[in-house]
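Peer 1: Residue numbers for the sequence shown follow the UniProt record's numbering, beginning at 1 and rising by one.
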Amino acid sequence: MTAVGQAAPAFTLQASNNQTISLSQFHGQNVVLYFYPKDQTPTCTTEACDFRDFHSGFAELNTVVLGISPDSVKSHDKFIAKHELPFQLVADPDHQVAEAYGVWVLKKMYGREYMGIERTTFAIDKEGNIAKVWPKVKVKGHVQEVLQFIKEELQS
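#1: Note down, one range per segment and in chain order, each alpha helix (DSSP H) of at least 4 residues found wholly within the UniProt domain "Thioredoxin" (2-155).
#2: Taking one C-beta from the segment 1-21 and one from the segment 39-48 each time, how about it: are there three or more such pairs within less than 8 Å?
#3: How big is the Cα-Cα spacing for E153 and G102?
#4: Can you give the Cα-Cα distance for I124 and V32, rounded to whole angstroms?
#5: Can you list, in chain order, the residues of its chain with a C-beta nearer than 8 Å to that of K107? Leave out the 5 residues immediately preceding and following it.
#6: Tell me the rounded alpha-carbon separation between Q155 and K138.
#7: Please state if the CB of K38 and the CB of P9 are separated by a distance shorter than 9 Å.
#8: Taking 9 Å as the cut-off, decide whether the C-beta atoms of T121 and M1 are in contact.
#9: In angstroms, rounded to a whole number, what distance separates the CA positions of F87 and A81?
Laid out in structure tokens, this is it:
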């Protein structure tokens, strides 16, 4: 997994609203990059809606929120519309970015093994370096914790 202090792996991918997003376009801003398994699933919806509900707090701190999953842009657009998400969702269908960040892992559910996203959030500072990693995220209270970190550690 990408570690604190390292440069955040660069990427350019398709995102919601038919836009192309590059991490480098946010240089000079903090970025919260959160990886999640799948659009429209209960836990992923809760996490996205929490980021939505606290979005203005991130914006006030010059911080961009980006969600990333293997889902298609079309799926992301539906997810955004249904839940009125005010931030971009990025499509990583070949999971290249997830692999670069070390969150494409072997998972187990009901005795079945498969590869998938480990729910993880990265705080990236204004210079493009990893400032904090939250691996194996438990959604309840997570967004507030990320916002608090940005407020206390990345606002100088």
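Glycine included, each C-beta is placed from N, C-alpha and C at the ideal position.
Peer 2: To lay it out plainly:
#1: 42-53, 55-60, 73-83, 96-101 and 142-153
#2: Cβ pair count under 8 Å is below three, so no.
#3: 24 Å
#4: 6 Å
#5: Taking K107 as the centre and dropping the five residues before and after it, the same chain places the C-beta of E113, Y114, M115, G116 and E118 closer than 8 Å to its C-beta, in chain order.
#6: 25 Å
#7: no
#8: No, they are not a contact pair.
#9: One C-alpha to the other measures close to 11 Å.
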